[in-house]
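Under the working numbering, read the sequence shown as residues 51 to 465, first letter to last. Some notes on the structure that comes next.
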Amino acid sequence: MATGRARPGTPGRIGLALAGGGFMGAAYELGALCALAESIDGLDLTRLDTYVGVSAGAFIAAGLVNGISAHRMVRMFVEEDDVEADFDPALMLRPAYREWRRALRSAPSGLRASVGAGLSEALLGPQAVLWRAIERAMHLLPNGLVDGSPAERKLAHLLSQPGRTNDFRRTRVPLRIVATDIDTGEPVEFGSPGHDHVPISRAAIASGAVPGLFAPVRIGTRHYLDGALNKTVHASVALDYGVGLVLCVNPLVPYQAMQAKARRVSRSGISTVMAQTIRTAIRSRMTVGLAKYRVTHPGSDVMLFEPRRDDADTFFTNIFSLSSRRRLCEHAYLATRADLLDRHAALDPVLRRHGLSINLGVLRHPAPRLVRELRTDTRRPLTRAGAALNRLGHTLDDLDRAIGIVAARKAGSDA
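In structure tokens form, the structure reads like this:
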């Protein structure tokens with residue numbers, strides 16, 4: 051893989067920058083990417099010129115650069131119905147036993163210190179005593195609640211199959227996964243010179259380590275957390291490699307209750323309020339970044355796809371429910387198709403500068419279902435023959451769907 055960076059703004063060179071968002075973000079991004087792949091003529095998401103991934107987007111970018119299509123990843127990670135992957139999101143939620151053991155070992159001395167700290171504030175009253183004790187007790191908590199190591203091993207296995215690689219230095223084009231060095235607060239581009247010896251799977255886990263939920267990920271002598279702590283999509287990383295167009299997908303936008311009867315964030319509990327706060331900060335920061343790119347990279351185009359601000363289906367989705375993730379992926383697929391159709395007049399001229407075009411025939415054709423219905427008999431294990439028939443049925447469904455897309459695309463091209 052070439053390591054030199056191309057001159058800025060080369061027409062026809064296309065990059066992809068994917069933001070984070072946990073299970074929900076991955077489901078949304080995959081649905082949106084499937085819509086883009088089907089509706090934009092000339093676009094092959096597995097054959098772009100550079101990839102940048104943050105948090106959940108890092109997993110998807112790692113798959114795409116290895117030739118795994120967005121549609122295949124829907125089967126792997128959303129439907130959990132791919133024999134090769136067999137990826138259970140519960141792998142991301144194994145308790146961080148090492149951190150919990152460390153916290154328990156230090157509990158006796160820590161509690162004594164907390165009580166002593168509280169009593170030292172006795173002259174300031176009982177409230178001062180309580181809060182000082184609580185402050186010291188906070189140091190007893192583990193650095194993270196869950197450990198992503200099982201998911202790392204699964205991803206490493208997936209990327210180590212024939213024709214794929216878990217090595218940044220062996221990818222066909224640049225892949226950059228961004229994480230945050232927790233001791234400096236600075237972003238680190240894994241895959242760049244000096245940081246390309248780290249396995250892709252390890253970098254992806256570090257980039258997705260949400261503070262408070264995941265323990266910091268150690269790589270060498272440093273510790274890393276979520277790459278979104280600094281920027282949202284890090285599109286500038288792709289722009290610096292000289293691409294003329296960067297496609298960005300960001301699933302995290304603040305919710306805006308436009309109608310009087312719309313669901314209210316203020317009445318939905320502390321976790322929802324916190325999610326709204328984080329999304330508002332992320333969106334504000336990204337708006338500033340996009341405006342900055344027009345100055346720093348005037349010869350390049352940046353195209354952003356994200357949910358509508360009044361999209362309650364996206365904002366209030368239960369991210370830990372398999373059926374919810376299926377619905378969200380399908381919803382993102384349909385919403386992105388609608389977005390492409392609504393913004394066709396604005397987006398198509400930009401795409402054409404880079405050898406791409408929106409196929410109106412595909413968008414105006416009734417959308418085929420992306421995500422299969424959840425089996426109602428999932429508690430009953432399939433026999434070997436049943437599993438084989440199940441896979442054959444899925445293959446035929448995918449073939450029928452692909453034929454329909456090709457026919458719609460041809461009709462749109464001939465129109």
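C-beta: ideal position from N, C-alpha, C; glycine also.
Buried or exposed (CB count within 10 angstroms, at least 16 for buried), residue i
i, result
"Leu-208", "buried"
"Pro-237", "buried"
"Gly-319", "exposed"
"Thr-53", "Low per-residue confidence applies at Thr-53: pLDDT is 45, beneath 50, and the placement is therefore not dependable enough to give any value."
"Gly-65", "buried"
"Arg-55", "Interpretation of Arg-55 is limited by its pLDDT of 49, a score under 50 that renders its predicted location unreliable; the figure taken from the coordinates is listed afterwards. Its Cβ having fewer than 16 others within 10 Å, Arg-55 is exposed."
"Ala-67", "buried"
"Asp-351", "buried"
"Ala-457", "exposed"
"Pro-249", "buried"
"Ile-110", "buried"
"Ser-257", "buried"
"Ala-382", "buried"
"Leu-295", "buried"
"Ile-453", "exposed"
"Asp-450", "exposed"
"Thr-234", "exposed"
"Thr-337", "exposed"
"Ala-69", "buried"
"Gly-215", "A small correction: the amino acid at residue 215 is Thr; Gly does not occupy that position in the sequence shown. Buried, by the Cβ-count rule."
"Leu-302", "buried"
"Gly-244", "exposed"
"Val-345", "exposed"
Which listed residue (the options) has its alpha carbon closest to that of residue i
i, options, result
"Arg-252", "Ala-112, Ser-321, Leu-93", "Ala-112"
"Asp-361", "Leu-263, His-247, Thr-337, Gln-326", "Gln-326"
"Asn-300", "Ala-82, Thr-322, Asp-398", "Ala-82"
"Pro-9", "Ala-385, Arg-358, Gly-292", "With the chain represented from 51 up to 465, any question about residue 9 goes unanswered, as that position is not in the structure."
"Leu-98", "Ser-105, Ala-85, Gly-117, Arg-422", "Gly-117"
"Thr-230", "Ser-321, Ser-199, Gly-277", "Gly-277"
"Asp-448", "Arg-459, Arg-125, Phe-355, Glu-130", "Arg-125"
"His-247", "Asp-217, Ile-255, Glu-239", "Asp-217"
"Leu-205", "Arg-151, Met-123, Ser-286", "Met-123"
"Glu-79", "Glu-380, Arg-419, Tyr-274", "Glu-380"
"Ala-146", "Asp-94, Glu-239, Ser-210, Ser-199", "Ser-199"
Pair within 8 angstroms by beta-carbon distance, residue i and residue j
i, j, result
"Leu-410", "Met-353", "no"
"Leu-263", "Gly-241", "no"
"Arg-272", "Asp-197", "no"
"Leu-478", "Ala-77", "Nothing in the structure corresponds to residue 478, since the chain is present only between 51 and 465."
"Pro-266", "Gly-194", "yes"
"Thr-330", "Pro-357", "no"
"Arg-220", "Val-115", "no"
"Val-128", "Val-421", "yes"
"Ile-269", "Ala-108", "no"
"Ala-288", "Thr-96", "no"
"Ala-20", "Arg-387", "No answer is possible for residue 20: the residues shown for the chain start at 51 and end at 465."
"Phe-73", "Arg-393", "no"
"His-284", "Val-102", "yes"
"Ile-255", "Ala-201", "yes"
"Phe-355", "Asp-389", "yes"
"Ile-332", "Thr-364", "no"
"Ala-106", "Cys-84", "no"
"Leu-413", "Leu-391", "yes"
Check: residue i C-beta below 7 angstroms from any heavy atom of the ligand SAM
i, result
"Leu-391", "Among the ligands in the structure shown, none appear at all, so the ligand SAM cannot be discussed."
* Secondary structure, alpha helix (DSSP H): runs of 4+ residues fully inside the stretch 333 to 403 -> 362 to 365, 372 to 392, 394 to 402
* Flag this pair as touching only if the stretch 253 to 261 and the stretch 326 to 346 have three or more C-beta atom pairs under 8 angstroms; answer yes or no. => Touching, no.
* Take every Cβ of the stretch 400 to 417, pair it with every Cβ of the stretch 87 to 94, and state whether three or more of those distances are shorter than 8 angstroms. => yes
* Enumerated in chain order, which unbroken segments of the beta strand (DSSP E) with a length of 3 residues or greater are wholly contained in the stretch 224 to 287? -> Whole beta strand (DSSP E) segments, 3+ residues: 225 to 231, 237 to 240, 267 to 269, 272 to 275.
* To do: Return the chain-ordered ranges of every beta strand (DSSP E) run that is complete within the stretch 65 to 107 and spans a minimum of 3 residues.
  => 100 to 104
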